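Have a look at the structure below before the remarks.
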């Protein structure tokens, strides 16, 4: 018999003798065993003994994540009840909207708390959050992550957050982008409910009151997003652009280089200014900008709406590849085709703008707004010989909407 078999047989005999000896004792005892004996014993132990013991409800309640979810659930129930009971509509107009997107930067993280799905029912959601409801209406908000971008669209709000990539490890700009929009959507919903409860009429509060409340919603959303990102230990930042209907006006708040275009009767009547930190780096908010509230760096404006106005909000994946005049021309062309064919689906316009922007983005010889920005930099900054050409390949997020009257 080989030495290995001799050792094996002796170990098995020792295990048998030990188990027989201890089984005859009136009081069960735990024998002192060697490492080899524990190894052989483990071969016969049931696998269930190695599974982690289930946590008690009390232990789960003590975790930071559960505390945060419980807090959201309490707020959710209160606001959902208020939204269901409310019957007053303070806005004269609403959006007939659609969207289109292209992903270039893929997702990196799926954290427990901040990996948001389309949360349409807070009762059955793993992470309860404030329901996105228009006043006296159903859940009809679309929230989409597109690489490092995110977009949100509802009858009263269009939003784009363009995530800033290249953060490195433990970062996900796409998570930040979607979180800031989700929180802003719910906080605006709470703001609208508060107005309804206070006025009980269809009259719109003063311009100053609206401006301060919208900025307060933005700051509150920023703090909420920081807390959630801190819970998941993830870094991130993004630009933010929100177009919000308040009464008969479109309120626009912008941080960074995402764009909004308001087109009326074929002409551009409103757009926002780009905010750049330096060179090609846009102004942004995120986990690395905690010393300044967003309201202090926000570009803000408003425009009175009319029925059939076209509102487009987009990330720089569109605006860096299409000139402003070119975009207006494309919109007018597509709307004319839709009118001729008797169609009103805004999805066709969104798809057309996405197609045109992608066509430029993947053209190595295109001359577009992005190449103009690059060529306007000094030679020491861009370190290039000659002029740059070619489109900008990036995440593209587009929301388009037609302004219609509320019934």
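In my numbering, the protein residues as written are 19 to 425. Glycine included, every Cβ here is placed at the ideal spot set by N, Cα and C. Model, not experiment: these values are computed from the prediction.
First through last residue of the beta strand (DSSP E) which encompasses residue i
| i | result |
| --- | --- |
| residue 296 | 294 to 296 |
| residue 362 | It is not in any beta strand (DSSP E) - residue 362 carries neither H nor E in the DSSP assignment. |
| residue 289 | 285 to 289 |
| residue 267 | 267 to 273 |
| residue 253 | That residue, residue 253, is in no beta strand (DSSP E); it is neither H nor E in DSSP. |
| residue 115 | 111 to 120 |
| residue 259 | 258 to 264 |
| residue 277 | 277 to 282 |
| residue 340 | Neither: residue 340 is in no beta strand (DSSP E) and is coded neither H nor E. |
| residue 315 | Premise fails: residue 315 is in no beta strand (DSSP E) and is neither H nor E. |
| residue 167 | 167 to 171 |
| residue 180 | 175 to 180 |
| residue 419 | 414 to 423 |
| residue 189 | Element bounds for residue 189: n/a, residue is neither H nor E. |
| residue 162 | 160 to 164 |
Cβ-Cβ distance between residue i and residue j below 8 Å
| i | j | result |
| --- | --- | --- |
| residue 170 | residue 240 | no |
| residue 379 | residue 117 | no |
| residue 422 | residue 111 | yes |
| residue 273 | residue 293 | yes |
| residue 267 | residue 313 | no |
| residue 236 | residue 316 | yes |
| residue 362 | residue 356 | yes |
| residue 252 | residue 182 | no |
| residue 300 | residue 327 | no |
| residue 352 | residue 366 | yes |
Alpha-carbon spacing of residue i relative to residue j, whole angstroms
| i | j | result |
| --- | --- | --- |
| residue 339 | residue 232 | 31 Å |
| residue 384 | residue 230 | 43 Å |
| residue 335 | residue 289 | 16 Å |
| residue 442 | residue 179 | Nothing can be reported for residue 442, as the shown portion of the chain is limited to 19 through 425. |
| residue 318 | residue 271 | 5 Å |
| residue 411 | residue 349 | 22 Å |
| residue 244 | residue 376 | 33 Å |
| residue 373 | residue 381 | 13 Å |
| residue 221 | residue 250 | Any reading at residue 221 must be qualified, since the residue scores a pLDDT of 47, below 50, and its modelled position is unreliable; no value is offered. |
| residue 392 | residue 360 | 42 Å |
| residue 109 | residue 407 | 45 Å |
| residue 278 | residue 201 | 20 Å |
| residue 158 | residue 394 | 43 Å |
| residue 242 | residue 122 | 28 Å |
| residue 389 | residue 345 | 17 Å |
| residue 341 | residue 297 | 19 Å |
| residue 204 | residue 262 | 13 Å |
| residue 211 | residue 371 | 35 Å |
| residue 322 | residue 163 | 30 Å |
| residue 325 | residue 424 | 10 Å |
| residue 265 | residue 248 | 36 Å |
| residue 354 | residue 308 | 47 Å |
| residue 343 | residue 284 | 11 Å |
| residue 310 | residue 246 | 18 Å |
| residue 287 | residue 208 | 30 Å |
| residue 187 | residue 358 | 52 Å |
| residue 234 | residue 409 | 38 Å |
| residue 405 | residue 269 | 39 Å |
| residue 238 | residue 364 | 32 Å |
| residue 113 | residue 291 | 23 Å |
Boundaries (first-last residue) of the alpha helix (DSSP H) holding residue i
| i | result |
| --- | --- |
| residue 390 | 387 to 394 |
| residue 334 | 334 to 337 |
Whole-number beta carbon distance between residue j and residue i, since they are thought to touch under 8 Å
| i | j | result |
| --- | --- | --- |
| residue 416 | residue 281 | No, residue 416 and residue 281 are not in contact; Cβ-Cβ is about 14 Å, not under 8 Å. |
| residue 119 | residue 414 | 6 Å |
| residue 337 | residue 387 | 7 Å |
| residue 255 | residue 191 | 6 Å |
| residue 175 | residue 206 | 6 Å |
| residue 258 | residue 198 | 6 Å |
| residue 189 | residue 166 | Not a contact, Cβ separation roughly 10 Å. |
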